[in-house]
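At position 2 of the sequence shown the residue is numbered -16 (our numbering), and the sequence of numbers has no breaks. Here a beta-carbon is modelled for each residue, glycine too, at the ideal position from N, C-alpha and C. The structure appears below as structure tokens.
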Amino acid sequence: MNIITDIATLQDVWTSISTQWIGPLVFIIMGALSLKFLLNRQWSQFISFLGIGIMVAVIIYIAPTMFGQDSKLVNSVGTTVKQIN
-17 MNIITDIATL QDVWTSISTQ WIGPLVFIIM GALSLKFLLN RQWSQFISFL GIGIMVAVII
43 YIAPTMFGQD SKLVNSVGTT VKQIN
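Next up, the structure:
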């Protein structure tokens, strides 16, 4: 029973850190480098950096929902593994 409580606490810590620190930091870095690429007229680097930045932001904000303990993805994989065994 303690392990489940610890996992829930770690999930809360990750959610707090990602929404309060990591997410805004990623957006600040993306904005600064995007401005650098735009001011230097490096269009291909700007577009590729923006695409990678969007993927990283999606991973930061969607991953807890996608891989959480009660998510549909985790439940379906768990069901599949139980059927295989």
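Practice item. Give the DSSP-derived three-state secondary structure of residue 53 in the structure shown. Key: Within the sequence shown, numbered from 1, the residue matching residue 53 stands at position 71. Assignment of residue 53 by DSSP, reduced to helix, strand and coil, places it in the coil class.
Just tell me which of 21, 1, 61 has its CA closest to the CA of residue 40. As a working mapping, residue 40 is identified with position 58 in the sequence shown. Across the set 21, 1, 61, the C-alpha of 1 shows the shortest separation from the C-alpha of residue 40.
Note to self: Going by DSSP in three states, residue 27 sits in which element: helix, strand or coil?
What the structure shows: On the sequence shown, residue 27 is found 45 positions in, with the first residue counted as 1. Judged by DSSP in its simplified three-state form, residue 27 adopts helix.
Assuming residue 11 is part of the alpha helix (DSSP H), what are its boundary residues? Indexing the sequence shown from 1 puts residue 11 at position 29. Membership of residue 11 in the alpha helix (DSSP H) is indicated by the continuous run 5 to 21.
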